[in-house]
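>
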Amino acid sequence: MDIGIIPDGTDISKMTSPRRSYVIVGAGVFGVSTAYHLIQKYPDADITLVDRDAWNSDNRVAASWDWNKVVRADYDDLIYCRLAIEAQDVFKSDPLWQPYFHETGVYWMCRGSYAQDVIRNYKTLGRKAEISAVPVAEAKELYDGLFKDADYTGVTEVLINKTSGWAAAGDCLLAVTKRAIELGVKYVTQEVSTLLMDQGRCRGVCTKSGKSFTADHVLLCTGAYTSKLLELSADEAGDNNLRAGSRIVAGGITTGMAVLDDELFPQFEKMPVGFQGYPAEIGPFMGSLPPTKDREIKWWGPTIFRNTVEVTPGYQISAPPEGRDFGQWKVSKRLQEDIQAAKRLFYGKKSENWPMAKHRICWDAFTTSGDFIISPHSSAKGLYIATCGSFHGFKFFPVLGRYITQMLEGDLAPELVQKWAWDRERPDPALNPEWPRAEMNDLQDTVAKL
Ligand SMILES: Cc1cc2nc3c(=O)[nH]c(=O)nc-3n(C[C@H](O)[C@H](O)[C@H](O)COP(=O)(O)OP(=O)(O)OC[C@H]3O[C@@H](n4cnc5c(N)ncnc54)[C@H](O)[C@@H]3O)c2cc1C
0 MDIGIIPDGT DISKMTSPRR SYVIVGAGVF GVSTAYHLIQ KYPDADITLV
50 DRDAWNSDNR VAASWDWNKV VRADYDDLIY CRLAIEAQDV FKSDPLWQPY
100 FHETGVYWMC RGSYAQDVIR NYKTLGRKAE ISAVPVAEAK ELYDGLFKDA
150 DYTGVTEVLI NKTSGWAAAG DCLLAVTKRA IELGVKYVTQ EVSTLLMDQG
200 RCRGVCTKSG KSFTADHVLL CTGAYTSKLL ELSADEAGDN NLRAGSRIVA
250 GGITTGMAVL DDELFPQFEK MPVGFQGYPA EIGPFMGSLP PTKDREIKWW
300 GPTIFRNTVE VTPGYQISAP PEGRDFGQWK VSKRLQEDIQ AAKRLFYGKK
350 SENWPMAKHR ICWDAFTTSG DFIISPHSSA KGLYIATCGS FHGFKFFPVL
400 GRYITQMLEG DLAPELVQKW AWDRERPDPA LNPEWPRAEM NDLQDTVAKL
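Its first residue numbered 0, the sequence shown is counted upward by one per residue in numbering that gives the first Met the number 0.
1) Report the start-end ranges of each beta strand (DSSP E) in the segment 29-101 that is 3 residues or longer and not cut off at the edges.
2) Quick check on D197: does DSSP put it in helix, strand or coil?
3) Give the range of the beta strand (DSSP E) segment to which Q315 is assigned.
4) One question on the structure: do I384 and T206 come within less than 9 Å of each other, judged by their Cβ atoms?
5) What would DSSP say about S20, mapped onto helix, strand or coil?
6) Okay, do the segment 259-277 and the segment 219-237 touch, 3+ Cβ pairs below 8 Å being the bar?
7) Straight-line CA distance for F390 to E262?
8) In the DSSP output, what is W107 paired with across the bridge?
9) Mind checking whether the beta-carbon of T386 lies closer than 8 Å to any heavy atom of ligand 1?
10) Could you tell me which whole alpha helix (DSSP H) segments of length 4 or greater appear in the segment 179-264?
11) Is there at least one non-hydrogen atom of ligand 1 closer than 8 Å to the beta-carbon of K394?
12) Can you list, in chain order, the stretches of the beta strand (DSSP E) that have 3 or more residues and sit fully within the segment 358-395?
13) Could you work out which residue in D45, A86, E230 and T176 is closest to Y314 when comparing CA atoms only?
14) Which same chain residues, not among the five before or five after A72, have their C-beta less than 7 Å away from its C-beta?
15) Verify the contact flag: E190, CB atom, against every heavy atom of ligand 1, threshold strictly below 8 Å.
16) Assign D1 to one of three DSSP states: helix, strand, or coil.
17) Measure the Cβ-Cβ separation of W165 and V70 and say whether it is below 9 Å.
18) Determine the contact status of A136 and T193, defining contact as a CB-CB distance below 9 Å.
19) Within 10 angstroms of the Cβ of Q417, are there 16 or more other Cβ atoms? Answer buried if so, exposed if not.
20) Which of the three DSSP states is assigned to E414 in this structure?
21) Give the secondary structure of T311 by DSSP, where H, G and I count as helix, E and B as strand, and everything else as coil.
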């Protein structure tokens with residue numbers, strides 16, 4: 000007789016250990032990766048993934064939903080270098096992920112010691128890769144001189160890593176979400192309005208349409224919206240300790256894409272990802288991504304901004320703008336100019352007349368150090384936070400769920416517990432070039448009042 004079955008056919012193991020239950024809010028890379036890892040580890044678990052947008056919608060607000068994202072392990076931080084290599088190994092070997100990864104390499108114009116720091120990290124990790132720091136004059140000749148008209152002011156050397164590249168982000172998100180649903184994850188399209196709190200414990204979430212979903216574990220993977228959701232929940236529950244405060248800041252960045260014509264496309268088709276790296280006092284690093292299958296080449300702009308609003312009386316936070324799609328397609332002339340500037344920094348004057356196909360404002364959650372938050376919330380039992388991609392979270396998609404599951408189970412390595420804690424020492428954001436410094440209101444087009 001099977002040891003777990005008593006004569007009436009009841010499975011004792013099911014009697015003694017209730018079914019694990021999870022509500023995960025947010026179906027970007029943090030949420031989907033977690034759902035996908037959990038359902039593989041616990042096929043019988045009750046896992047509900049709630050998002051305001053349908054997983055297969057052709058218009059989503061998720062930062063993870065994008066035409067393409069850089070997938071690189073070129074980090075001067077050893078931990079992120081290691082995790083990104085782990086993630087790349089999955090991108091390169093697992094049939095679910097493989098179709099979305101393009102190993103084009105990166106061409107990184109470095110100001111300072113960045114190239115040497117990355118190469119040192121690869122060596123420390125014992126990882127072999129076609130990676131080198133190339134003198135500027137020599138680098139300009141590479142890739143048929145594709146970047147010879149870039150701005151090299153202050154560039155000390157160029158980091159070439161042929162094993163990095165980019166991923167078709169939205170398509171990849173779609174495929175992994177679909178697989179998680181096939182494995183048993185329930186996907187619910189609802190906007191969560193507040194957490195369901197009960198005497199200091201989080202029991203679930205309430206939605207705008209009046210539904211509620213309960214579980215033993217409530218995980219917020221709500222990206223740029225996280226602060227606002229906690230703000231509204233704190234107000235509703237009368238518990239100030241739920242607020243994110245200065246731990247999380249929502250930041251917006253502009254992306255823009257230009258269409259390459261029949262003559263230009265073949266020159267750029269196999270290009271590596273281009274980067275312009277700057278020290279904090281100058282600004283954030285900038286990127287130029289290779290063309291998509293629609294022949295659209297992408298940049299992001301140098302201005303990273305907040306949208307400061309009073310969500311509840313007396314509390315000012317940064318949150319994505321109100322509205323169905325955060326107004327992500329309404330990009331002011333000032334912000335479109337950011338993309339023109341980025342274009343010039345990579346390709347000089349020749350790019351000036353490339354026709355722009357689209358602009359989008361993309362919102363992500365930031366911490367002062369750029370480290371994620373993957374942690375229990377210290378003021379509510381049953382509530383966990385996994386977000387703050389800080390403009391670099393996508394590339395970890397294949398492995399995020401493994402670490403978030405470890406966090407849920409108290410098994411995260413001590414160095415990661417400390418790095419990603421809800422409560423931790425936070426460095427001065429002055430040291431972070433990607434910190435949202437501008438205010439969205441100051442970047443809008445001025446309307447003449449007659
Ligand atoms: C312009 C730009 C370029 C980037 N480029 C790169 C790159 O090249 N490489 C890289 O690695 N990273 C990049 N990043 C960073 C990366 O995209 C993000 O860090 C990552 O996608 C964040 O994932 P997430 O799951 O935390 O959030 P998101 O992807 O934003 O997902 C959050 C989800 O939560 C849902 N949600 C929020 N609130 C609610 C609610 N109340 N109810 C229901 N659902 C809710 C949203 O609908 C959304 O689907 C970039 C970011 C931006 C903005």
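Every residue gets a Cβ at the ideal spot worked out from N, C-alpha and C, and that includes glycine. These numbers come from a predicted model, not from an experiment.
Taking the geometry as given:
1) 45-50 and 68-70
2) strand
3) Y314 to S317
4) no
5) strand
6) no
7) 33 Å
8) L158 and F274
9) yes
10) 225-236
11) yes
12) 372-375 and 382-386
13) E230
14) C80, A83, I84, Q87 and S163
15) yes
16) Low per-residue confidence applies at D1: pLDDT is 38, beneath 50, and the placement is therefore not dependable, though the value from the model is reported in the following sentence. If DSSP states are grouped into helix, strand and coil, D1 belongs with coil.
17) yes
18) no
19) exposed
20) helix
21) strand
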